[in-house]
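Taking it in order: structure first as C-alpha cells, then the write-up.
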Amino acid sequence: MLKKRLIAVLILRDGQVVQSVRFKHTNVIHYDAVHAVECFNKWAVDELVMLNVSPDAASAKGFAEVVRNISGQCFVPLSAGGWITDASYAEELLRSGADKLVLNTAFHTQPELTQSLSARYGRQCIVASMDVKQHESGQATVMVNRGRDDTAISPVEWAKQVVALGAGEIFFNSIDHDGARKGYNLPILTEVCHAVDVPVIAFGGVFTWQHLVDGLNAGAQAAAAANIFHYTEHSTRKAKRYLVEAGIPVRSE
Amino acid sequence: MRYCARCLYPENAKPTIIFDDEGVCSGCRYHESRSRLEVDWASRLGMLEQILDEARRMAKARGNCHDCIIPVSGGKDSHYQVWLLKKKYGMNPLLVTFNHVYNSPAGLRNLSNLVEKSGCDLIRYTAGVDSVRRLSRFMLQTVGDLTWHYHGGIRTFPFQVAVKYNIPLIVWGEHGFAELTGIVSLEDFVEFTRWTRKEHDMRGYEPHDLIGKGGITLGDVAPYIYPSDEEIEKTEVRGIYLSNFVDWNAKEHAELMIREWDFAPVAYERDRSFNLHAKIEDHANDVHDYLKYLKFGYGRSTDDASMEIRHGRMTREEGIAQVAYYDHREPRTLETYCDFLGISKTEFYALVDNQRDPRIWARDASGAWAPLDSVCRHTIGEVEEKQRVKQVVDRTMSDANRHLYYNLANPPQPTGNPVLDVQSLKFNVM
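First to last, the sequence lines map onto chains A and B. Each residue of the first sequence is one higher than the last, beginning at 1 in my numbering. Each residue of the second sequence is one higher than the last, beginning at 1001 in my numbering.
Right under this line is the structure:
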C-alpha cells in the first residue's frame, strides 16, 4: 500500500514566512525560512511546499532566490509556486532547486502553459493548487488569482479540468478554512478525491493532529499544514506519531 | 518609512512586523486580540491548570521534588511568574537564572528579593567574563549586538537544567515578540521552539557557527548549546508561555508585585526610556537599545510608548513626544561598554556604519549620519485618526503612576535606597 505523506507548507510574502488566515496575512512567522526548514528536515516531514503569496508580481525574482536558499538545506522533495506566468520562470524555479511546480491561476488563464510544462517536465512535476470558496448561496466554486477572481467552476469540474490540462497532483485548499483552525473542508475534499485519480493533497485549516487523520481518511493521499507546524517543538514528528497511532501508513522516522 | 497608523512602529521594526489593509501593525492586532470577547480566559486558565497538573504528576512519578522551571532575571515578570505558580497554583518551581554578567545594582536587588520572598531554590549560571567579552565583541562587529550571550543563555540554560534534572515543564512569562510586533497569534498557543531561539534570540547563529571566530572557542559557547532532540524528547520537556493562558497586563502585574513582594522600580531618570519598571535589571540595555536606534532608527521609547498607546494610557501625540525626547540619546553607559570591550567610542560608531538600515539612514552633506525619517515627522492624518485607541482614565504620566514612569515635570520620589535612586554607570558581574 502506498504510504501517505505529511507535508509542511511555507507561505511566503516578500520572502518572509507569514501566517495566512482566510488568505489575509496576519503576522510574520519567520524572517528567514531556512530556520524552519532546518527543523522540518530533522522532524520527519515528507515534503515541503513553498507558496509565494505576495500581492505583487515583482516578488517572483526574490522568491526564486528564497527557493534556492531553501533547496540547499532541504532534504525532502520541494514544490514551489506562485506567480508562475511563463515557461522561463517555471524553469528558473526548477533550476533553483524546486522538484515540482505549483500552479493555480495559469490553469484558468493560460491552459496552454500548464499543458506544455506538463509535456516538458512530466505530469509528476505539475501540482494544481485549487482554492475553493463556499458562497452564501451554499454553492462552492474555485477562485484564482490569490483568491480574488471567481472562475464560477465547481470544485469537481475544476479538478477534472486540471488533470486534463496536465496536473499530476492536486493541492486542495479552502479559502474559508484557511487559517480558521476548524480542520479541512472535508465534504468538498472528499468529492474532489473521488472525482480524480491523481493524488490529492489536503490543505487549509489544520489545528489538531486529528484534522490530518480526517483529511487522509477523506481520501487525500497527503496531509499538509502550514501555521500549526511552526508553533511547537518537534511538531511534524509529533504529527507523524499521531498518524501512526491512528493506523495511517506513513514513512517511518 | 511607513509607520503603524495606531502605534509608533516603523515597517522595519524588529523582529518582524506586517501592516494590514488599514495600516495597523501586527503588534497592535495581537494586542487588540487579547481583549476580544471570544477569548475565553477562564477556559484558558483551565488549560494551564491541566498542564500544571500533568507536570506535577510527571514530577511525582519521577520522584522529583521540582515540578517546573521558571527562568528568572529578577524583573517584574519573573516576580509575577513565580508568585502565580507558587502562591496561586502551589507548584514547586526551580528558578533558573542565566547571569547577564551586565547586571544593574537595582536588578541584583530585585533578583535577591525574588529569591527571598518566594522561598524557591535558584540555580544561577555565570559565564566567564573573558568569554562574554569575546562573544560580545564578535557579535557587536557582526550583527550589532553586545548582549548575544545572555539572550542565548536565557533561552538555552533552562533547557540544559531541565534535561539534567529531568524536569518536564518550563514556564515562560509573556511571549515578548508577540507583544512587541505580533509575530504569532493568541489562537495558536505557541510554545517555545528551538528555531525562535535561533532565529530571533540568537540572531540566526548557533553556538557552533561562532567557534574559531574572534578567538571564540568551544568552551566559550558551551553555555549556549541546546540539548539534543533526543534529550529533549526523553525529558519530555516543553516550554509554555503564560501569556497564552493568563490575561497578561504587564503594568498591573508590576503593581501587584510591588504590593505583594516588594518588587522595586528605579527612581532615577533613565537615558533611553520613561519606563521605570521594565528591563531595569539589564545594565547593557541602554547601549543595546541605542544600537537598535543606530541600526533601525527607533529605540525603546518607541517600544514603550507604543505599548502605552495600545493600552489607551497615552495618545499618539504624547507617545511621539517621548520618542522625540529619548530615542536618539546616546546613553551614558556607552563609555562603560567600550572600555569593557577594549574599543574607543569612535571605533564603536565605525563598527555600526555598515549595519545601518539604508531605508532609514543616510549621510548628510557634512558626512554625518542623519535619519531619513522619524515617526515624529509624520502628521496625524485621517488614517491615524481612525485608528485612535479609546483613552482610559489611568494616564501614563499621572501622579498615581509616578513611580512607574518618569515624568520630567513630576519626577518620582527618591526611595532612600541608593541602588534605586542613582543610576550606576558600572555593571556588576555577580
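For every residue, glycine included, the Cβ atom is placed at its ideal position computed from N, Cα and C.
The beta-carbon separation of Leu-78/A and Asp-46/A, rounded to 11 Å, does not stay under the 8 Å limit for a contact. DSSP places Ile-1211/B outside both helix and strand once states are collapsed to three, so it counts as coil.
Beyond the five residues adjoining it in sequence on each side, His-194/A comes within less than 7 Å, by CB distance, of Gly-219 in the same chain, given in chain order. Only residues of its own chain outside the window of five on either side were considered, and among them Val-1101 and Val-1429 have a CB closer than 8 Å to the CB of Val-1129/B, listed in chain order.
Classified as exposed, Trp-1041/B has fewer than 16 neighbouring CB atoms from the shown chains inside 10 Å of its CB. Closest in C-alpha terms to His-135/A, from the list Ala-106/A, Asp-176/A, Gln-161/A and Gly-166/A, comes Asp-176/A. Per DSSP, the unbroken alpha helix (DSSP H) holding Gly-1153/B starts and ends at 1148-1165.
Selection Val-196/A, Thr-232/A, Val-198/A and Asp-178/A evaluated against Val-206/A yields Asp-178/A as nearest (Cα-Cα).
The C-beta distance from Leu-12/A to Asn-52/A rounds to 5 Å, short enough to fall under 8 Å.
Proximity of the stretch 1245-1255 of chain B to the stretch 1357-1377 of chain B falls short of the contact definition, fewer than three beta-carbon pairs being nearer than 8 Å. For Ile-29/A, the nearest CB of chain B lies under 8 Å from its own CB, placing it at the interface with that chain. Around the beta carbon of Gly-1297/B, 16 or more other beta carbons lie within 10 angstroms, which makes this residue buried. Closer than 8 Å to the CB of Phe-1192/B there is at least one CB belonging to chain A. Contacts between Asp-178/A and chain B, judged by CB atoms closer than 9 Å, are missing: the closest CB pair is about 14 Å apart.
Per the DSSP secondary-structure output, Val-17/A pairs in a beta bridge with Leu-12/A and His-30/A. For Glu-1260/B and Leu-1045/B, the gap between their C-alpha atoms comes out near 21 Å. Proximity to Asp-1053/B across Ala-1178/B, Ser-1306/B and Met-1091/B peaks at Met-1091/B, based on C-alpha coordinates. One finds Thr-26 and Asn-27 in chain A with Cβ atoms closer than 9 Å to the Cβ of Arg-1029/B, taken in chain order. If you look at Gly-82/A, you'll find it isn't in any beta strand (DSSP E); DSSP assigns it neither H nor E. For Asp-32/A, the closest Cβ of chain B is nearer than 8 Å.
Classified as exposed, Glu-1038/B has fewer than 16 neighbouring CB atoms from the shown chains inside 10 Å of its CB. One thing to note: Val-28/A has its Cβ within 8 Å of the Cβ of Ile-1183/B. Shown in chain order are the members of the stretch 42-69 of chain A whose Cβ falls below 9 Å from a Cβ of chain B: Lys-42 and Trp-43. Under the Cβ criterion of 8 Å, Gly-1182/B is counted among the residues facing chain A. With fewer than 16 other Cβ atoms from the protein chains shown falling within 10 Å of its own Cβ, Arg-1057/B counts as exposed. Using a Cβ-Cβ distance cut-off of 8 Å, the stretch 1298-1307 of chain B and the stretch 1007-1015 of chain B are in contact, since at least three pairs of beta carbons, one from each stretch, lie closer than that value. Sequence-distant partners of Ala-1278/B (beyond 5 residues in either direction) whose C-beta falls short of 8 Å from its own C-beta, in its chain, are Gly-1075, Lys-1076, Ala-1250, Ala-1254 and Asp-1304.
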